[in-house]
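In terms of the working numbering, the sequence shown opens at residue 503 and continues consecutively. Just so it is clear, CB atoms sit at the ideal spot from N, CA and C, and this is done for glycine as well. To start, the structure itself, in structure tokens.
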Amino acid sequence: MTLQPASTCTFRLLDGFQRRDLLLEDALIGGAWIGAQDDARFAVTNPADGARLAQVADCGPAEAIAALDAAVKAGPAWRRTTPQARRQILKRWHGLLMANQDDLARLISLEQGKPLAEAAGEVAYGAAYVDWFADEAIRGDGEILASPVLDRQMTAVREPIGVVAVVTPWNFPIAMIARKIAPALAAGCTVVGKPAEDTPLSALAIARLAQEAGVPDGVLNMLPASRLRGAALVGVWLDEECVRKLSFTGSTATGKFLAERSAPTLKRLSLELGGNAPFLVFDDADLDVAIRGALAAKFRNAGQTCVSPNRFLVQAGVHDAFVARLADAAASLKVGTADEAGVQIGPLINDKAVQKVEAHIQDAIARGARVVQGGARHPLGGSFFQPTVLVGMDPDMRASCEETFGPVVSVTRFETEAEAVTLANATPFGLAAYLFTADRKRIARVGAALESGMVGVNEGAISSEVAPFGGVKQSGYGREGSRHGLIEYQTLKYICEGGLD
Ligand code: SIN
503 MTLQPASTCT
513 FRLLDGFQRR
523 DLLLEDALIG
533 GAWIGAQDDA
543 RFAVTNPADG
553 ARLAQVADCG
563 PAEAIAALDA
573 AVKAGPAWRR
583 TTPQARRQIL
593 KRWHGLLMAN
603 QDDLARLISL
613 EQGKPLAEAA
623 GEVAYGAAYV
633 DWFADEAIRG
643 DGEILASPVL
653 DRQMTAVREP
663 IGVVAVVTPW
673 NFPIAMIARK
683 IAPALAAGCT
693 VVGKPAEDTP
703 LSALAIARLA
713 QEAGVPDGVL
723 NMLPASRLRG
733 AALVGVWLDE
743 ECVRKLSFTG
753 STATGKFLAE
763 RSAPTLKRLS
773 LELGGNAPFL
783 VFDDADLDVA
793 IRGALAAKFR
803 NAGQTCVSPN
813 RFLVQAGVHD
823 AFVARLADAA
833 ASLKVGTADE
843 AGVQIGPLIN
853 DKAVQKVEAH
863 IQDAIARGAR
873 VVQGGARHPL
883 GGSFFQPTVL
893 VGMDPDMRAS
903 CEETFGPVVS
913 VTRFETEAEA
923 VTLANATPFG
933 LAAYLFTADR
943 KRIARVGAAL
953 ESGMVGVNEG
963 AISSEVAPFG
973 GVKQSGYGRE
983 GSRHGLIEYQ
993 TLKYICEGGL
1003 D
């Protein structure tokens, strides 16, 4: 097939970037930056004002196949590199990500909307996974087994799983893709990736930096695509036998579809899906700590986070004090555009997201909840929304059953610990849960009872490259980060060597 050469840059808002070569609009396939076969493009816009930022290559099945060919071709040489060599490349990539932190943060803010300081934090967060997995590359040890027969040596060795497809969301345009690519490369796998249609620019920029760090041609391929073409593109990867693993972060509905579609080729899957995190505050909690935790967990990325608390369950004795303090704190959060000094909350990703938040609030009010703070679009207009606090929630309301994915605190009052645990677990989801109490025995009891992949105890900021990130129940399976994150990209081969006497 013939692929188009890189197009003329149509990138807008070039001011303020140190490295304009990080503003990319083409796909990376086999080491070359190229447009789609038919030169189709789609617009990437700024959620703060709808301004068009760039016209990005709209990749489809033809490009999906070309990328796969490149990844398959590059596979044997890459898996033969030493773990030490892969470590060095990943270390260089980490260095480049941090050296270009300001430009990358600016890109994230432009296409995703989060405040610049928070975006810079995301770059460091994503880069930390690269640094972590650089080191994990040299720790992918196998085992010598205790052979029950004297003339045999039995070993179990770890091997790269093969070509990996990664499909990532818009809420953390760099961190989510970095924490999939880094362990895949560390393990010796080659990668085909599709970033979210809303936020491909940051992913393309970090792919360029990976090239600069020494990732060989074809080892990492990055294909932007619109919603329409993206489905067909990923469909090709799902059907192909040579794709041995798919790592996806996104909705539970899409995760189920991907699991079904990858069943005929029995791909290994990592699915980091939706959450509905409970945030439990007991009467004996330190309220300063609980409020700090609530602000960190709930309003990070304007509430557009899978681990964002979706249901605040607060014990009767501290309910009113907690709500009053959180409402005051929420009212004082600064909403605005990413580059404004002191801004803490940016716009939501698009109007559809705002409509969902509005629908949840209206549904809650119609069923008896009360708004104590915010509750409406922000005077700034567009997709800006006021930090909101609702009380009098009950388990049947939409905001209790579905992820709101916006800056909304929904509070339910409870009386007993048993009631709190029952409410917390009354969901098909199980990604994160939070628990605030000073009672160590309660921490042990409730921590064990919560049906959730991750639990924050007196802490709202739980994500870290050293920890296994992932869920249970319909929040998916597989873990990202920690030593478990590397194993996801490896197979275990048992070798039995006989006749050694
Ligand atoms: C997510 O929202 O899916 C990821 C959040 C995190 O890594 O903390």
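What is the DSSP secondary structure of residue i, reduced to helix, strand or coil?
i, result
"PHE674", "coil"
"PHE750", "strand"
"MET724", "strand"
"TYR631", "helix"
"GLY597", "helix"
"LEU768", "coil"
"GLU661", "strand"
"THR536", "Per the sequence shown, the amino acid found at residue 536 is Ile instead of Thr. Strand."
"GLY1001", "coil"
"LEU505", "Because the pLDDT of LEU505 is 40, which lies under 50, any placement of that residue in the model is unreliable, and the number read from its coordinates should be weighed accordingly. Correct three-state label for LEU505: coil."
"VAL651", "coil"
"VAL845", "coil"
"ARG872", "strand"
"ALA796", "helix"
"ALA550", "coil"
"PRO811", "strand"
"ALA667", "strand"
"PHE824", "helix"
"PHE519", "coil"
"GLU620", "helix"
"LEU1004", "Nothing about residue 1004 can be reported from this structure: the residues present for the chain run from 503 to 1003 only."
"GLY932", "strand"
"ILE646", "strand"
"GLY615", "coil"
"ASP790", "helix"
"SER834", "coil"
"ASN927", "helix"
"THR510", "Here THR510 scores only 45 on pLDDT, less than 50, and its place in the model should not be relied on; the value that follows carries that caveat. THR510 falls in the coil class under three-state DSSP."
"ALA576", "helix"
Among all the DSSP beta bridges, which residues are the ones paired with residue i?
i, result
"THR839", "THR839 is not bridged to any residue."
"PHE938", "VAL783"
"VAL816", "VAL783, ARG915"
"LEU530", "TRP535, MET724"
"THR890", "VAL910"
"VAL558", "PHE544"
"TYR996", "ALA658"
"ARG879", "PHE887"
"TYR991", "In the DSSP output, where bridge partners are listed per residue, TYR991 has none listed."
"GLY484", "No answer is possible for residue 484: the residues shown for the chain start at 503 and end at 1003."
"GLU982", "PHE971"
Would you tell me roughly how many angstroms separate the C-alpha atoms of residue i and residue j, rounded to the nearest one?
i, j, result
"MET956", "ALA935", "6 Å"
"SER764", "GLY1001", "41 Å"
"THR510", "SER885", "Unreliable placement is indicated for THR510, whose pLDDT of 45 sits below 50; no coordinate value is reported for it."
"ARG681", "PHE674", "11 Å"
"PRO970", "LEU933", "11 Å"
"GLU613", "MET724", "17 Å"
"GLU990", "SER772", "8 Å"
"MET899", "ARG813", "11 Å"
"VAL845", "THR839", "7 Å"
"ALA572", "GLU645", "32 Å"
"LYS758", "PHE750", "11 Å"
"ALA553", "THR547", "5 Å"
"ARG522", "ALA559", "18 Å"
"GLU661", "CYS903", "41 Å"
"TYR1004", "ALA658", "Any question about residue 1004 goes unanswered here, given that the chain covers just 503 to 1003."
"ASP1079", "LEU760", "It is not possible to answer for residue 1079, since the shown part of the chain is limited to 503 through 1003."
"LEU735", "ALA727", "8 Å"
"ARG654", "ASP643", "20 Å"
"ASN852", "LYS593", "35 Å"
"GLY628", "PRO650", "45 Å"
"VAL669", "ASP841", "28 Å"
"PRO702", "LEU555", "11 Å"
"MET503", "ALA833", "Its pLDDT being 38, under 50, MET503 is placed unreliably by the model, and the measurement read from it follows with that caveat. Straight-line Cα distance between these residues: approximately 56 Å."
"LEU526", "LEU722", "16 Å"
"LEU530", "ALA686", "17 Å"
"PRO766", "LEU882", "49 Å"
"ILE663", "ASP719", "19 Å"
"ALA587", "ALA621", "30 Å"
"ALA843", "VAL837", "11 Å"
"GLY737", "GLY776", "21 Å"
"SER704", "VAL694", "16 Å"
Ranges of the alpha helix (DSSP H) found wholly within the region 681 to 746, counting only runs of at least 4:
Correct list: 702 to 715, 729 to 741.
3 or more residues per run - each beta strand (DSSP E) lying fully within the region 944 to 976:
Complete beta strand (DSSP E) runs here, min 3: 956 to 959.
Test item, CB below 7 Å from any non-hydrogen atom of the ligand SIN
Those residues whose C-beta sits under 7 Å from the nearest heavy atom of the ligand SIN are, from N- to C-terminal order along the chain, PRO671, ASN673, PHE674, ALA677, MET678, THR751, GLU774, THR807, CYS808, VAL809, SER965, PHE971.
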